[in-house]
Amino acid sequence: MDISNLFELLCGMAMFMFGMSLMGDGLKRAAGARLERLLAKLTNTPLKGILLGTGVTAVIQSSSATSVMTVGFVNSGMMKFRQSIGIILGSLLGTSITGWIIALSEVQGGGGIAALLSTTTMTGLIAVIGFIFRSFSKRHKNTGDIMLGFVVLMVGISSMSGAVAPLSQSKSFVSILTMFSNPALGILAGTAFTAVLQSASAAVGILQALTATGAIDFKTSLPILFGISIGAAVPVLLSALQASVEGKRTAFVYLFASVIGVIICGAIFYILDAFIGFGFMSAKMTTISIAAVNTLFRLANVIILMPFIGALDKLTCTIIRDKHPDDEQDINQIQLEERFLPYPSLAISQSRSAIYDMAKTAAKSVNKSVSALDEYSDELFNKVKKYEDLADRYENDIGTYLMRLSQGELKESENADVFKFLHTLTDFERITDHCMSIAYIAKNNKEENIVYSQKAGTDLGLIVEAVKENMELTVNAFMNENWKPDGRVSALTQVIRALCTRAEKNHVKRLQAGECSLKQGSDYGNLLTDLERIAVHSSKVIMAMLEVEADSYHIHLTGEQSLKIRDNMIEKSTQEYINKYGIELSELQLNR
Numbered sequence: 009m010d011i012s013n014l015f016e017l018l019c020g021m022a023m024f025m026f027g028m029s030l031m032g033d034g035l036k037r038a039a040g041a042r043l044e045r046l047l048a049k050l051t052n053t054p055l056k057g058i059l060l061g062t063g064v065t066a067v068i069q070s071s072s073a074t075s076v077m078t079v080g081f082v083n084s085g086m087m088k089f090r091q092s093i094g095i096i097l098g099s100l101l102g103t104s105i106t107g108w109i110i111a112l113s114e115v116q117g118g119g120g121i122a123a124l125l126s127t128t129t130m131t132g133l134i135a136v137i138g139f140i141f142r143s144f145s146k147r148h149k150n151t152g153d154i155m156l157g158f159v160v161l162m163v164g165i166s167s168m169s170g171a172v173a174p175l176s177q178s179k180s181f182v183s184i185l186t187m188f189s190n191p192a193l194g195i196l197a198g199t200a201f202t203a204v205l206q207s208a209s210a211a212v213g214i215l216q217a218l219t220a221t222g223a224i225d226f227k228t229s230l231p232i233l234f235g236i237s238i239g240a241a242v243p244v245l246l247s248a249l250q251a252s253v254e255g256k257r258t259a260f261v262y263l264f265a266s267v268i269g270v271i272i273c274g275a276i277f278y279i280l281d282a283f284i285g286f287g288f289m290s291a292k293m294t295t296i297s298i299a300a301v302n303t304l305f306r307l308a309n310v311i312i313l314m315p316f317i318g319a320l321d322k323l324t325c326t327i328i329r330d331k332h333p334d335d336e337q338d339i340n341q342i343q344l345e346e347r348f349l350p351y352p353s354l355a356i357s358q359s360r361s362a363i364y365d366m367a368k369t370a371a372k373s374v375n376k377s378v379s380a381l382d383e384y385s386d387e388l389f390n391k392v393k394k395y396e397d398l399a400d401r402y403e404n405d406i407g408t409y410l411m412r413l414s415q416g417e418l419k420e421s422e423n424a425d426v427f428k429f430l431h432t433l434t435d436f437e438r439i440t441d442h443c444m445s446i447a448y449i450a451k452n453n454k455e456e457n458i459v460y461s462q463k464a465g466t467d468l469g470l471i472v473e474a475v476k477e478n479m480e481l482t483v484n485a486f487m488n489e490n491w492k493p494d495g496r497v498s499a500l501t502q503v504i505r506a507l508c509t510r511a512e513k514n515h516v517k518r519l520q521a522g523e524c525s526l527k528q529g530s531d532y533g534n535l536l537t538d539l540e541r542i543a544v545h546s547s548k549v550i551m552a553m554l555e556v557e558a559d560s561y562h563i564h565l566t567g568e569q570s571l572k573i574r575d576n577m578i579e580k581s582t583q584e585y586i587n588k589y590g591i592e593l594s595e596l597q598l599n600r
């Protein structure tokens, strides 16, 4: 093998890997987000997960890509870790399809009509059709990419086979391959080679190309295939370096499944060989036999491990333990997968989950801050501070993510969701700001030994009850996508504003009558303002949902029209809250 053969080999490898990438990307674009949505939803049983993982991996021709996607789903909370195990097992099997595609290179035709069945003829025909589709048809451009990717892949494998053919005469090369017939060395070589390439399909393809030398026999190829299975875990593990605990578990279960499969299948095979003595160990391998052995090994691995998915779950959870045993959201745990940005429906889905968490954080902040007014503690104050910091992080991370998403091509419904999320982000963040202000007031009251009068406390208690109810209604309406729960949020917001106005007037009267000191009332007005603003921001969340709902029906509302709809909504629930909180109708005024 001279220098020209070496460059031919490198050129063939480059073309082969580029062809695989081009074909896989074309298949993913042609399927849109459908494959990813299937992965996220249809995994309620292990068998469905395995079948789905196998199918998706067969389409995109990369177990690593399927597993990395699955890590992203688990990392963003769109899928449970246990659901992901079936998909991981399926991906181990599905990746063997590439070997069968490469095996087509051995299909040869005879003379006449049979010549049309040869790989060379079919590749040329597919190249012409793919070029026409890609160049002249927008609708079939992705199909053209798939076809051209297949052609480049086949040309690459042909180039590699031709480049390594002279190695059949090299004694040193044959000697090196003979070393790999040792199972341990073969597994290590396959693992290292695949770890460098970061693609099991590419490693198997190169092994298939080496069969052209005639020096690859069964006892050499089997341990290398074992090692290729383990080495394919490297890109999956790398993708989970910054993932959550659940995301890391998903990546490591790929490694554990591969290693356990190799140990079990290898032990069974080599023990039987020791006792029986298989006669095919020295059989020369072809691209077809490599593909067959690879598929059979992976199928056996999946069949063996399928009944033990629960055990894999427990093993992985035991080795990779939770860092945060409490159920509180940690400020560093917000996960928004950038790999979902090319798929708007998935990006919006995980953004929705993150904003739902933000809404719940705002609700907890309200409850903790008003609790601090009655019984202040540093623990309550720190929790409110944590929620406020977390909301700031949510607003920044989700807002930036949605802005990047909006730069791409979105459907009308997806644009509407982005609009709604961007508007509600600010309102939820502002709610936690006002909660922080309330917590500081509570802290100051504790340090200065300030106690409100009985009448002030009664007014305040009524407002706090209304604000907590309003916040609960808002979060439920937002998370259930129900933007008009009988107009209760908007109606209750107006009642809260009326209660705050009344409480402020009563406070001024008490100051004038000397019933309250200036020290007692110094922050009382600020406290009322914070509570009122929390209610107003809650109402704005519902109004943003109203505007999006109207736009989804192609009803473009002006500001005045939105107010009229809001007024009509309020009228239906006003009487309920007037009676509950003792407000006169004359005190209730809509803010325009």
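Residue 9 is where the sequence shown starts when you use this note's numbering, and the numbers rise one by one after that.
The beta carbon of each residue, even a glycine, is placed where N, CA and C say it ideally should be.
Everything numeric in this text was worked out from a predicted model, so none of it was measured.
Inter-residue spacing [alpha-carbon to alpha-carbon] between residue i and residue j
i      : j      : result
GLY416 : ILE458 : 55 Å
PRO231 : ASP330 : 35 Å
ILE271 : LEU280 : 14 Å
LEU354 : ALA171 : 43 Å
LYS368 : ASP400 : 14 Å
SER189 : THR228 : 4 Å
ALA558 : ILE504 : Annotation note: pLDDT 49 at ALA558 (below 50); position unreliable, no value reported.
GLU540 : GLY469 : 13 Å
SER75  : MET314 : 17 Å
GLY57  : TYR262 : 14 Å
GLN358 : ASN423 : 15 Å
THR65  : ILE214 : 19 Å
ASP441 : SER379 : 16 Å
ILE449 : ILE591 : 27 Å
SER290 : ALA282 : 15 Å
ALA122 : LEU133 : Residue confidence is low: ALA122 scores 42 on pLDDT, short of 50, so the model does not pin down where it sits. Its coordinate-derived value is still stated next. Taking the straight line joining both Cα atoms gives about 15 Å.
LEU398 : TYR364 : 13 Å
THR460 : ASP382 : The sequence as given places Tyr at residue 460; Thr does not occur at that position. Distance between the alpha carbons of TYR460 and ASP382 is about 10 Å.
LEU14  : ALA220 : 15 Å
PHE316 : ASN484 : 39 Å
LEU218 : GLY235 : 16 Å
LYS393 : ILE312 : 50 Å
GLU480 : GLU437 : 16 Å
SER421 : THR408 : 20 Å
Environment of residue i [buried if 16+ CB atoms lie within 10 Å]
i      : result
GLN520 : exposed
GLY119 : A caution first: GLY119 carries a pLDDT of 47, below 50, which makes its placement in the model unreliable, though a value can still be read off. So GLY119 counts as exposed.
ARG147 : exposed
GLN462 : exposed
ASN404 : exposed
HIS564 : Because HIS564 sits at a pLDDT of 46, beneath the cut-off of 50, its placement in the model cannot be relied upon, and the point is left open.
Beta-carbon gap between residue i and residue j smaller than 8 Å
i      : j      : result
ILE471 : LEU507 : yes
THR258 : ALA111 : no
GLY198 : LEU233 : yes
LEU500 : ASN478 : yes
THR103 : SER247 : no
MET444 : GLU396 : yes
GLY157 : GLY318 : no
ASN302 : VAL212 : yes
GLY61  : ILE95  : yes
LEU413 : LEU349 : yes
ALA552 : VAL475 : no
LEU101 : VAL310 : yes
GLY255 : ASN83  : yes
Three-way DSSP call (helix, strand, coil) for residue i in this model
i      : result
LYS292 : strand
LEU18  : helix
ILE93  : helix
ILE591 : coil
ILE504 : helix
PRO350 : coil
SER560 : With a pLDDT of only 46 at SER560, under 50, the local geometry of the prediction cannot be trusted, and the value read off the model is given with reservation. In the structure shown, SER560 sits in a helix (DSSP, three-state: H, G or I).
TYR460 : coil
THR53  : coil
LEU418 : coil
LEU344 : coil
ASN1   : Limits of the chain in this structure are 9 at one end and 600 at the other, which puts residue 1 out of reach.
GLY522 : coil
GLY213 : helix
GLY287 : coil
ILE121 : Reliability fails at ILE121, whose pLDDT of 46 lies under 50, so the model's placement of it is uncertain and no value is given.
ILE11  : helix
For residue i, the residue or residues it bridges with in DSSP
i      : result
ASP225 : LYS292
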